[in-house]
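Residue numbers for the sequence shown follow numbering that gives the first Met the number 0, so the first one is 0 and each next one is one higher. A short write-up of the structure that comes next.
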Amino acid sequence: MRVLTIAAANTTETAPPSAASPEPATFTHLLGKRLQLKQPLKGYRVGMDGALLAAACAGTVSERKSGRSKPLVGLELGCGVGGALLSLKWRCPDLHLTGIEREADYAGLARDNVLLNAMHNVGIIDGDIGAGFNVAGVERADIVFSNPPYFDDPAALRAPGAAKRPAWIADDGLKAWLDFALSATRDGGDIVFIHRADRLADILGGLSSKAGSFQVRPIQPFADTDAKRVIVRAKRLGKAPLRLLPPLV
């Protein structure tokens, strides 16, 4: 069993509005204050799931880049304010990254955060995952990753506030995110998702038409409790048997 420790975020001060993100925001530090983010005062905020996703992707990038001359290209679906995207960039500075975000305020904050952290070869584009890859205007990537909304049915939970709804409810369903990832990944490339453990069968089924070589890592809040989250890694056109990895606690 593997135990993972990640430094908690630390909100420090109120950030002034910008032209790109006019709503009030706060500064938050990640990675032991190595990374600074502007986040909205209200609404969805960067959490542990994004940190876990970035760490998982960094391990994937480390495996992929050995002996490679060209930089790897990564794409995040639903990047929010850029927490996972920029955490991954900090861990893997040679990686070229693009984030897609539907909500204009969050995309604006993500652009602010790219500049705030002086990140190079990172782009943020406005786009709706539900519209499909063909209209997104992005190139296929070596690694496509996402922390998508965890619910398809608004009736499945108490309705979140309007500011949090886009991050909690997938209007087009999980399938739209999986289909986009399959289309956006180069042959032999990797897909990495973090999601609720009870959606594991849906993720495996949704990707299995064009991907395989699955690796599943359960995430448990405590050693003696059931997994609440899973990180699923798949390889486009992969044929290796599924691997169930030791849990993170």
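C-beta atoms are modelled at their ideal positions from N, C-alpha and C, and glycine is treated no differently.
Of the candidates Ser-86, Leu-247 and Arg-232, Arg-232 places its Cα closest to the Cα of Thr-59. Met-47 and Ala-222 have their C-alpha atoms spaced approximately 17 Å apart. Uninterrupted beta strand (DSSP E) stretches at least 3 residues long and entirely within the region 57 to 101 occur at 72 to 76 and 95 to 100, given in chain order. For the pair of segments examined, the region 90 to 100 was found to touch the region 72 to 81: the number of CB pairs separated by less than 8 Å reaches three. Contact check for Arg-216 against Leu-244 passes: the beta carbons are separated by less than 7 Å.
In the DSSP assignment, Ile-128 falls outside any beta strand (DSSP E) and carries neither an H nor an E. Looking at the DSSP output, Gly-31 sits in no beta bridge, so it has no partner there.
In the DSSP annotation of this structure, the continuous segment of the alpha helix (DSSP H) that includes Gly-204 starts and ends at 199 to 206. Annotation for Lys-174: the continuous alpha helix (DSSP H) segment containing it runs 172 to 183.
In the three-state reduction of the DSSP assignment, Arg-216 falls in the strand class, which pools E and B.
The beta carbon of Asn-116 is closer than 7 Å to those of Leu-34, Gln-35 and Leu-85 in its chain, skipping five residues each way along the sequence.
It is roughly 6 Å from the alpha-carbon of Gly-126 to the alpha-carbon of Ala-135.
For Gly-82, same chain residues with a beta-carbon under 7 Å away, outside a window of 5 residues either side, are Leu-29, Leu-36, Val-45 and Gly-49 in chain order.
Per DSSP, the beta-bridge partners of Lys-234 are Asp-189 and Gly-211.
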